[in-house]
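Okay, structure first, notes after.
There are 2 protein chains.
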Amino acid sequence: MALASVDLGGTNIAAAIGTADGEILAERQIPTDSHLGPHAVLDRIAALLNEMAPEGVEALGLGVPGLVNLNEGKTLFLPNLPTQWRNIAVASLLEASLGCPVYLLNDARMAALGELDFGHGRSVSDFVFFTLGTGIGGGIVLDGRLRMGALGSAGELGHQTVVADGPLCGCGSRGCLELFASAPALIAEAVRLIRMGQAPHLLELAGGDLNQVSPILMTQANDSGVAAAIERAAHYLGIGVANVVTTLHPEMVVIGGGLAQMGERLLAPLREEVTRRVKMFPIDNLKIEASLTGPRAGTLGGLALARRRGMI
Amino acid sequence: MALASVDLGGTNIAAAIGTADGEILAERQIPTDSHLGPHAVLDRIAALLNEMAPEGVEALGLGVPGLVNLNEGKTLFLPNLPTQWRNIAVASLLEASLGCPVYLLNDARMAALGELDFGHGRSVSDFVFFTLGTGIGGGIVLDGRLRMGALGSAGELGHQTVVADGPLCGCGSRGCLELFASAPALIAEAVRLIRMGQAPHLLELAGGDLNQVSPILMTQANDSGVAAAIERAAHYLGIGVANVVTTLHPEMVVIGGGLAQMGERLLAPLREEVTRRVKMFPIDNLKIEASLTGPRAGTLGGLALARRRGMI
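Those protein sequences? They're chains C and A, same order as listed. Just so you know, we're using the numbering used here here: the first sequence kicks off at 51 and counts up by one. Just so you know, we're using the numbering used here here: the second sequence kicks off at 51 and counts up by one.
Below, the structure written as structure tokens:
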């Protein structure tokens with residue numbers, strides 16, 4: 051029998067049916083419509099999975115955007131979902147409607163678990179995973195195991211301070227990495243350049259529509275200001291990466307999430323910044339590479355979590 | 051038979067004879083006189099230990115200020131010692147003259163090992179150790195084990211960037227924590243205040259002698275500028291601590307080294323800063339405490355290393 055993976059986001063729900071080997075058999079995406087409340091949304095997830103796998107699944111791995119109680123399968127605090135999502139026994143509610151065990155995990159840790167079981171983790175046992183998208187999350191793998199910390203929250207790498215007295219972050223702290231190297235941060239800088247008339251090529255590539263501006267599109271523009279914006283993001287990302295390398299000296303740093311598709315335009319200046327910052331020990335052997343699971347890290351992580359029956 | 055512990059510093063050599071239970075039987079300190087070259091200095095260490103324990107010792111744990119090859123017992127790069135200290139087979143040279151096995155470890159990791167075996171590590175299995183002195187070093191303990199990283203260099207916590215475009219650090223990077231929260235950083239700020247006439251009480255406490263200014267003395271002065279300097283150091287230390295907590299979410303952060311003697315004057319504002327910075331998960335249960343091994347962390351770490359026969 052197959053396994054199921056669901057990534058519950060603030061905007062969309064991404065569901066997949068797959069095997070214990072990480073083969074994806076079917077994928078679907080539906081809007082979260084979180085305003086309907088947790089019970090209605092969980093019913094929609096169950097209906098979707100029943101439709102995708104009418105014969106049922108062995109287990110479901112569910113990624114949740116925030117803090118979860120892993121042992122009790124409950125949500126604690128989900129910053130991007132309405133407050134009625136607090137303290138919901140998501141696992142047992144879904145278990146009742148699906149008839150299979152359900153395992154919860156923070157979505158960034160779930161993506162890291164996908165990379166561990168089906169990506170670089172197959173050849174490297176100590177790595178740090180950054181997932182760069184709307185936010186920046188992460189996961190720490192040491193000795194082949196995902197480090198959870200006391201609450202499954204180890205690896206919140208986007209909320210390291212990189213600018214001591216920087217702007218206020220959504221999390222409540224200041225100057226977090228997420229403010230400087232996430233997709234919204236890059237897009238905001240691109241929009242500023244466009245509005246100042248300094249990114250005519252990017253504007254042309256976007257068909258004159260600011261809604262079309264994305265980090266990937268930015269890599270295709272030949273405006274010098276846009277290139278500088280990418281390098282600035284890589285500079286701050288490099289500080290965050292260097293701090294973790296200085297702390298843990300892993301074998302590899304894996305860059306995942308949507309921004310990993312920027313490829314060498316992001317990775318090359320990132321490697322240079324890390325080399326400038328980590329001076330206490332030689333890092334000739336440190337690899338900084340794009341994720342092997344790419345945009346499927348979360349989906350594969352859900353299959354990994356289901357396959358592992360929640361044993362991380 | 052007893053164990054020996056030696057902490058080889060750029061200025062002094064601290065030697066001790068003790069037991070596997072961490073009881074210190076004898077302690078001695080002599081100048082390093084590193085200009086004499088490694089062979090002469092190693093001969094002096096052997097002579098000192100033979101004098102302190104004429105009947106010999108079972109094993110020696112030796113802390114070295116820099117990068118070492120743990121398996122081969124060789125020094126690699128010691129920034130505070132002359133360059134002829136590179137690539138010296140310290141362990142085998144000392145083994146020949148002492149007639150017992152010798153185990154090398156970076157000095158900050160050795161202090162962390164002391165705290166692990168004889169300090170907070172007896173009750174806590176996940177902690178981050180900061181040693182604050184002339185420099186800032188550290189060690190990471192997860193699941194009761196000291197994390198070494200690829201080269202025994204994990205835990206270089208003083209070389210996290212806390213000011214993105216800050217001043218040049220001795221390590222070659224910029225804006226490292228060590229530049230803002232070490233003893234020299236605090237003393238420099240105190241001297242500036244004294245020279246500007248803004249720290250009359252501290253100058254009085256120092257007997258008018260700048261050589262007597264120390265972080266501990268600073269905690270006794272009632273000059274408002276001196277209080278602000280301590281809080282500023284705690285602010286930057288808090289950023290470095292918060293970054294590691296956000297990354298690993300340990301049970302405890304242990305503050306060791308000479309500056310730990312500043313007590314609550316440093317720890318209280320440090321805790322406040324960490325609370326301001328770590329917002330992604332609740333840290334009500336996180337403890338931030340002074341080391342239990344205090345100034346003896348390194349000495350006890352050497353005994354731990356000898357007792358463990360180098361197995362970390």
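Beta carbons: idealized from backbone N, C-alpha and C, even for Gly.
Just the C-alpha distance for GLY183(C) and HIS285(C), rounded to the nearest angstrom, thanks.
In this structure, the alpha-carbon of GLY183(C) lies about 17 Å from that of HIS285(C).
So, is THR86(C) buried or exposed, given that buried needs 16 or more other C-beta atoms within 10 angstroms?
Reading off the sequence shown, one finds Leu at residue 86(C), where the question assumed Thr. Per the 10 Å Cβ criterion, exposed.
Neighbouring residues, chain C, relative to THR211(A) (Cβ below 8 Å)
Chain order gives the chain C residues near THR211(A) as VAL212, ILE289, ALA292, ASN293, ARG327, where near means a beta carbon separation below 8 Å.
Below 8 Å between beta carbons: does that hold for ALA279(A) and LEU243(A)?
Cβ distance < 8 Å, so ALA279(A) and LEU243(A) count as in contact.
Could you compute how far the alpha carbon of ILE138(A) sits from the alpha carbon of LYS124(A)?
Near 5 Å, if we compare the C-alpha coordinates of LYS124(A) and ILE138(A).
For VAL178(C) versus LEU298(C), is the C-beta distance shorter than 8 Å?
Yes. Within cutoff.
To be precise: take each residue of the stretch 111–136 of chain A, compare its Cβ to all Cβ atoms of chain C, and keep it if any distance is under 8 Å. Which residues remain?
Hits within the stretch, in order: LEU117.
For MET160(C) versus GLY348(C), is the C-beta distance shorter than 8 Å?
Cβ atoms of MET160(C) and GLY348(C): closer than 8 Å.
Could you name each continuous beta strand (DSSP E) segment of 3 residues or more that falls completely within the stretch 117–163 of chain C, going from the start of the chain to the end?
Fully enclosed beta strand (DSSP E) runs of 3 or longer: 117–119, 124–127, 152–156.
With 8 Å set as the bound, which would you pick, yes or no: does the beta-carbon of THR297(A) sit closer than that to a beta-carbon of chain C?
True, the Cβ-Cβ gap to chain C drops below 8 Å.
Got a sec: which bits of the stretch 60–88 of chain C sit with their beta carbon under 8 Å from any beta carbon on chain A, in order along the chain?
Identification of residues in the stretch 60–88 of chain C having a C-beta nearer than 8 Å to some C-beta of chain A yields an empty set.
Under the DSSP definition of a beta bridge, which residues are partnered with CYS226(A)?
Residue pairing by DSSP places CYS226(A) opposite THR211(A) in a beta bridge.
Nearest residue (CA-CA) to GLU322(A), options GLY72(A), ILE289(A), LEU350(A), ALA354(A)
Measuring from the Cα of GLU322(A), the nearest candidate turns out to be ILE289(A).
What do you reckon, are the CB atoms on ARG197(C) and ILE190(C) nearer than 8 Å?
It is a contact, given that the beta carbons lie within the stated cut-off.
Chain A contacts made by the stretch 169–190 of chain C, where a contact means CB separation under 7 Å
Taking 7 Å as the Cβ-Cβ cut-off against chain A, the residues of the stretch 169–190 of chain C that qualify are ILE190.
Opposing strand residues paired with THR181(A) [DSSP bridges]:
GLY187(A), GLY306(A), per the DSSP bridge assignment.
For chain C, check one thing: does any of its Cβ atoms lie closer than 8 Å to the Cβ of LEU207(A)?
It does: the Cβ of LEU207(A) has a partner Cβ on chain C nearer than 8 Å.
Quick one: what's GLY257(C) bridged to in DSSP?
Under DSSP, no beta-bridge partner is assigned to GLY257(C).
Could you compute how far the alpha carbon of ASN372(A) sits from the alpha carbon of LEU53(A)?
This structure cannot settle anything about residue 372(A), because the visible part of chain A is limited to 51 through 362.
Of the choices ARG282(A), ALA233(A), GLY220(A), ASN272(A), whose alpha-carbon is the least far from that of PRO265(A)?
Relative to the Cα of PRO265(A), the nearest Cα in the group ARG282(A), ALA233(A), GLY220(A), ASN272(A) belongs to ALA233(A).
Any C-beta of chain C under 8 Å from that of GLU301(A)
Chain C, which has a Cβ nearer than 8 Å to the Cβ of GLU301(A), makes this yes.
Of all the residues that make up the stretch 220–245 of chain A, which are near chain C by a beta-carbon distance shorter than 7 Å?
Answer in chain order: CYS221, GLY222, SER223.
Which parts of the stretch 283–353 of chain A are runs of the beta strand (DSSP E), unbroken and 3 residues or longer, counting only runs that do not cross its ends?
Complete beta strand (DSSP E) runs here, min 3: 302–306, 337–340.
Less than 8 Å between CB atoms is the rule here; does ARG197(C) satisfy it with respect to chain A?
Using beta-carbon distances, ARG197(C) counts as an interface residue toward chain A, with a partner under 8 Å.
Roughly how many angstroms lie between the CA atoms of VAL263(C) and GLY72(C), to the nearest whole one?
Distance between the alpha carbons of VAL263(C) and GLY72(C) is about 33 Å.
Which of the three DSSP states, helix, strand or coil, is assigned to LEU201(C)?
Coil.
Does the beta carbon of SER203(A) come closer than 8 Å to any beta carbon on chain C?
Cβ-Cβ to chain C under 8 Å: yes for SER203(A).
Can you confirm whether ASN335(C), when its beta carbon is compared against all beta carbons of chain A, has any partner nearer than 8 Å?
Cβ-Cβ to chain A under 8 Å: yes for ASN335(C).
What does MET330(C) reach in chain A if we use C-beta pairs closer than 7 Å?
Contact note: MET330(C) reaches chain A through SER203, GLU206, HIS209, CYS221, using a C-beta cutoff of 7 Å and chain order.
I want to verify the contact list: residues of chain A whose CB lies under 7 Å from the CB of ALA200(C), in sequence order.
From the beta-carbon of ALA200(C), the residues of chain A found nearer than 7 Å are HIS299, GLU301, ASN335.
Figure out for me which residue from ALA103(C), VAL241(C), ALA240(C), LEU207(C) has the closest Cα to the Cα of GLY225(C).
GLY225(C) has its Cα closest to that of LEU207(C), out of ALA103(C), VAL241(C), ALA240(C), LEU207(C).
Could you tell me the distance, in whole angstroms, from the CA atom of LYS329(A) to the CA atom of PRO81(A)?
In this structure, the alpha-carbon of LYS329(A) lies about 46 Å from that of PRO81(A).
Chain C beta carbons: is any one of them nearer than 8 Å to that of LEU192(A)?
Judged by the 8 Å Cβ criterion, LEU192(A) is in contact with chain C.
Who are VAL56(C)'s beta bridge partners in DSSP?
VAL56(C) pairs with ALA65(C), LEU112(C).
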